[in-house]
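One structure below.
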């Protein structure tokens with residue numbers, strides 16, 4: 002397993018989850034993600050990417066929500082778990098993400114090759 006994959010798995014395990022408002026996708030816009038995370042997602046066509054960007058949506062947002070939820074990027078997992086990235090519906094986990102983990106996610110994003118999802 003590559004070093005970045007180990008980092009991704011460790012960070013994922015340390016980001017708390019919470020129940021979203023059913024049908025809400027307010028935080029599902031275009032994001033950047035590491036090439037390692039992107040490689041785990043289904044390949045989309047240029048037309049699908051263009052259509053999603055025109056709507057300011059994520060290309061993996063389907064009619065019933067995130068189609069790649071189990072493999073969603075770190076930045077998507079971080080939404081709603083920290084005061085810096087609050088849920089627009091005031092949802093949150095019982096305990097927010099540890100600030101150290103949040104810093105590590107942002108550091109990882111800043112220091113790896115990023116691609117647009």
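Numbering (my numbering), first residue to last: 2 to 118.
All C-beta atoms in this analysis are idealised placements derived from N, C-alpha and C, irrespective of residue type, glycine included.
Beta-bridge partners of residue i, as assigned by DSSP
i	result
residue 63	66
residue 35	115
residue 83	86
Distance between beta carbons of residue j and residue i, contact taken as under 8 Å
i	j	result
residue 116	residue 34	6 Å
residue 43	residue 22	Not really, about 25 Å apart at Cβ, beyond 8 Å.
residue 19	residue 111	In fact, because the Cβ distance is near 25 Å, the residues do not count as touching under 8 Å.
residue 104	residue 16	Rounded, the Cβ-Cβ distance is 12 Å, inconsistent with contact.
Among the options, the one whose alpha carbon lies nearest that of residue i
i	options	result
residue 26	110, 80 and 7	80
residue 63	74, 49 and 76	49
residue 65	51, 24, 16 and 77	24
residue 118	108, 109, 88 and 51	51
residue 6	67, 54, 91 and 72	72
Residue i beta carbon near the ligand NAP (any heavy atom closer than 7 Å)
i	result
residue 117	The ligand NAP is not among the ligands present in this structure, which contains no ligands whatsoever.
Exercise. Is the number of C-beta pairs between the stretch 25-43 and the stretch 53-66 that are closer than 8 Å three or more?
Worked result: Yes, since at least three Cβ pairs between the stretch 25-43 and the stretch 53-66 fall closer than 8 Å, the two stretches touch.
Exercise. Is the stretch 93-101 touching the stretch 39-49 in the sense that three or more CB pairs, one from each, lie closer than 8 Å?
Worked result: no
Exercise. Can you find at least 3 beta carbon pairs, one from the stretch 81-88 and one from the stretch 7-15, that sit closer than 8 Å?
Worked result: no
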